[in-house]
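S.K.: This is the structure, below, for whatever I ask next.
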Amino acid sequence: MKKFAVLTVLFMVLALPLIGCGSGDGANSGGTDTGKQVATHQDWPMMMGNMSRTGIATGGISAQPAIEKAWEFESKEPLRGQPVTSNGKVYFASDKLYCLDIPTGKEEWSFQADAKIWNTPCISGEKIYFADEAGKFYCVSARSKNPVWTSKFSSKIESSPAVSGGVAFFGDMGGNFHCLNADSGYEYWSFKAGRGIASAPALLDGKVYFGSQDQKLYCLNQETGELAWESKVDDGIVNPVVASSGKVWAIVGDANLVCFDALTGAKLWAFKSGDKVTAPAVYDQFVFTGSDLDTFYCLNIADGKEVWNAPVGDNVFGSPAICGDKVFFGSDNKTLYCMDAKTGKELAKLDCGYPINANIAISDGTIITCTDGKVLCFTIR
């Protein structure tokens, strides 16, 4: 680990963002207009909704929700990251960074990076943070798309950043984990892992957690970058890490969901289903994940045992999202589902016309996801 400054940084211990899940009432589509109305007041500003990556949108929805399509937007390039939202806008990355208006689905602007973007942006205040495959890390204005600052690194960056308390965290494919001043790009410290870091970090209680292709899960002190612990596993970790309730979850390889003690790094339990499982959402005493065995699972947070499962007839490859006591996820069977999080009872579903294999984002009565070069927006009523 290399320190670049002796500086006390006040880090916020992230609480879940205040994301409401009310019904919407907006306007038209920039792509295919179905005439549905959308209103947006709260945000899903980073991958999996918050800095702990738990996939939770706070708020509630009706006991018998209905899902309706609002609009779709087609990109000219493949979509590589996941959509995020802030202040009535949705942002996503491909060869460019795009900004769309949520009520209408119309393109507000696009920003051409120096190279392809493989991560999901993070929004903090009026700034958007992301990186390209050439190793350039960007901070741009969410309003004007003008660069605020950039910083160049020697390796490709796939890790989706986390920004908290004026500090940005992310890894690179050279095995370096970075901590930058989010206002200036100044590097406070970096930490060297054994191999590339594609995993999106999670922040919890003054610690930052991330996985590496060197087959280790790491826990560092957010302020100093000092190693708190590392836990050896059987394969690389490239998916987002999730942290909540004194526990950390990581997908080891593609097929094993492993739970660790957040203080010690000790392995607590593991769950395997087929050849692939998704990064989980965590709510109350439950952990939710999908798999390539055509099934969606609810697990007990304490021991990883199944509480319920829902066979859906095709792969579930995107991470779910939680709103109130409902869980939302998509499937390759072209269906978007809403289920009771505690019982697994199906409450609503919609044939979307496309396989849904990306993460779900929820922002005040809207669901946003992407598939096959398209961004899709739905209302929850």
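Start counting at 1 in the sequence shown, then tack on 7, and there's your number in the working numbering. From the three backbone atoms N, C-alpha and C, an ideal C-beta is built for every residue, glycine too. Being a predicted model, the structure only gives us computed values, none of them experimental.
#1: Return yes when the Cβ of cysteine 384 is within less than 8 Å of the Cβ of tryptophan 78, no when it is not.
#2: Please look up how many angstroms separate the CB atoms of alanine 328 and glycine 62, rounded, as I've assumed it's under 8 Å.
#3: Rounded to the nearest angstrom, what separates phenylalanine 80 and asparagine 246 at their Cα positions?
#4: If you follow the beta strand (DSSP E) that glutamate 79 is part of, which residue opens it and which one closes it?
#5: Using beta-carbon positions only, say whether leucine 176 and threonine 157 come within less than 8 Å of one another.
#6: Can you tell me whether glutamate 313 is buried or exposed? The criterion is at least 16 other CB atoms within 10 Å of its CB, across all chains shown.
#7: In whole angstroms, what is the alpha-carbon distance linking alanine 141 and lysine 223?
#8: So is valine 248 buried or exposed if we call it buried at 16+ other beta carbons inside 10 Å?
#9: Reducing DSSP to helix, strand and coil, say where cysteine 359 ends up.
#10: Sort Ser59, Asp241, Ala64, Met58 by Cα distance to glutamine 49 and report the nearest one.
#11: Going by Cα to Cα distance, which pick from Cys377, Ala309, Phe118 is closest to serine 326?
#12: Flag this pair as yes or no: are the beta carbons of serine 171 and threonine 127 separated by less than 8 Å?
#13: Could you give the C-beta distance for phenylalanine 293 and leucine 275, rounded to a whole number, given that I count them as a contact under 8 Å?
#14: Going by Cα to Cα distance, which pick from Asp102, Asn183, Pro110, Arg60 is closest to cysteine 129?
#15: Give me, in chain order, the residues of the same chain whose beta-carbon lies closer than 6 Å to that of lysine 96; leave out the 5 immediate sequence neighbours on both sides.
#16: Between which two residues does the beta strand (DSSP E) holding threonine 373 run?
#17: Helix, strand or coil for glutamine 220, going by three-state DSSP, please let me know.
#18: Put glutamine 89 into one of helix, strand or coil per three-state DSSP.
#19: Using alpha carbons as the reference points, say which of Ala209, Asp179, Asp282 lies closest to glutamine 220.
#20: Hey, methionine 55 and asparagine 364: beta-carbon distance below 8 Å or not?
#21: Between tyrosine 290 and threonine 296, which are expected to be in contact by the criterion C-beta below 8 Å, what is the C-beta distance as a whole number of angstroms?
#22: Determine, using beta carbons only, whether proline 318 and aspartate 339 come nearer to each other than 8 Å.
#23: For proline 117 and leucine 104, which I take to be in contact (beta-carbon distance under 8 Å), what is that distance rounded to the nearest angstrom?
#24: Only counting runs of 3 or more residues, tell me where the beta strand (DSSP E) segments fall wholly within the region 207 to 258, in order along the chain.
#25: Excluding five sequence neighbours on each side, which residues of the same chain lie with their C-beta closer than 8 Å to the C-beta of isoleucine 124?
#26: Can you look up aspartate 347 in the DSSP assignment and give me helix, strand or coil?
#27: Let me confirm a value: lysine 239 is counted as buried when at least 16 other C-beta atoms fall within 10 Å, else exposed. Which label applies?
#28: With a Cβ-Cβ cutoff of 8 Å, do aspartate 301 and aspartate 282 count as a contact?
#29: Quick one: grab the DSSP three-state call for asparagine 340.
#30: Does tryptophan 116 come out as helix, strand or coil in the three-state DSSP assignment?
#31: Rounded to whole angstroms, what's the CA-CA distance from leucine 227 to lysine 214? Just pull it up for me.
#32: Please report the distance separating the alpha-carbon of serine 162 from that of glutamate 233.
#33: Buried or exposed for glycine 132, going by 16 or more other Cβ atoms inside 10 Å?
#34: I need the boundaries of the beta strand (DSSP E) containing aspartate 261, first residue and last residue.
#35: State the CB to CB distance for the pair alanine 149 and isoleucine 164, rounded to an integer number of angstroms; the pair is presumed to be in contact (CB under 8 Å).
#36: Of the choices Asp371, Cys345, Ile369, whose alpha-carbon is the least far from that of alanine 73?
M.R.: In brief:
#1: yes
#2: 5 Å
#3: 26 Å
#4: 74 to 81
#5: Per the sequence presented here, residue 176 reads as phenylalanine, with leucine not at that position. The answer is no: Cβ separation not under 8 Å.
#6: exposed
#7: 25 Å
#8: buried
#9: coil
#10: Ala64
#11: Cys377
#12: no
#13: Phenylalanine 293 to leucine 275, Cβ: 15 Å. No contact.
#14: Arg60
#15: Cys106
#16: 373 to 378
#17: coil
#18: coil
#19: Asp179
#20: no
#21: Tyrosine 290 to threonine 296, Cβ: 12 Å. No contact.
#22: no
#23: In the sequence on display, residue 117 carries serine and not proline. Confirmed, about 7 Å.
#24: 209 to 211, 214 to 219, 223 to 228, 234 to 239, 249 to 251
#25: Arg87, Gly88, Ala100, Ser101, Asp102, Lys103, Leu104, Phe137, Ala138, Asp139, Glu140
#26: strand
#27: exposed
#28: no
#29: coil
#30: strand
#31: 6 Å
#32: 22 Å
#33: exposed
#34: Note, aspartate 261: premise wrong, no beta strand (DSSP E); not H, not E.
#35: Their Cβ separation, rounded to whole angstroms, is 20 Å, which puts alanine 149 and isoleucine 164 out of contact at 8 Å.
#36: Cys345
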